[in-house]
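Data block below; observations after.
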Amino acid sequence: MKKIVITALVLLMSAGAYAAGNKTKTVTEKDYGDKWPFTFVKGELACLSGSAVVVKNSKDGKVYALNGMANAFVGRELGGAAILDTKAVTKPHPQLQGYQMSTLDFMVEGQELCK
Numbered sequence: 015m016k017k018i019v020i021t022a023l024v025l026l027m028s029a030g031a032y033a034a035g036n037k038t039k040t041v042t043e044k045d046y047g048d049k050w051p052f053t054f055v056k057g058e059l060a061c062l063s064g065s066a067v068v069v070k071n072s073k074d075g076k077v078y079a080l081n082g083m084a085n086a087f088v089g090r091e092l093g094g095a096a097i098l099d100t101k102a103v104t105k106p107h108p109q110l111q112g113y114q115m116s117t118l119d120f121m122v123e124g125q126e127l128c129k
């Protein structure tokens, strides 16, 4: 198991620039309305290195992890981009005090880009 994880990490670390060869999709608050979980209004979903799903804030260019593979790189670089924790840009849940909105729908959309 350890060998598989190490192999996956080496493959991910060898990725090129953020957008080079990676499928992307633009997403906006306008398109998602009340289901938009981010504090920024426009982003770009991407699948980096075949399995790491991220969202890039279109305004400042910062990249946030949306799934486990991308979370493994929080605080480091992947595909030429520093990966950050999504919690920093996720809105509070409007009905559940102390919780943040779900980013699951965006993770699922991003995983479609990995296919």
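The sequence shown stops at residue 129 when you use the working numbering, and every number in between is there. Cβ atoms here follow ideal geometry from the backbone N, Cα and C, with glycine treated the same way. None of these values were measured; they are calculated from a predicted model.
Taken in chain order, the complete alpha helix (DSSP H) segments of 4 or more residues contained in the region 43-109 are 43-46, 82-85. The shortest C-alpha to C-alpha distance from Lys49 to any of Val68, Lys129, Gln111, Thr104 is the one to Thr104. Around Val88, the same chain offers Ala79, Ile97, Leu98, Asp99 as residues with beta carbons nearer than 7 Å, after the five sequence neighbours per side are excluded.
Ranking Gly112, Lys70, Asn71, Asn81 by CA distance to the CA of Gly64 puts Asn81 first. Across the set Gln125, Val67, Gly75, Tyr46, the C-alpha of Tyr46 shows the shortest separation from the C-alpha of Met115.
Less than 9 Å separates the beta-carbon of Val55 from that of Thr42. Annotated three-state conformation of Gln111 is coil, per DSSP.
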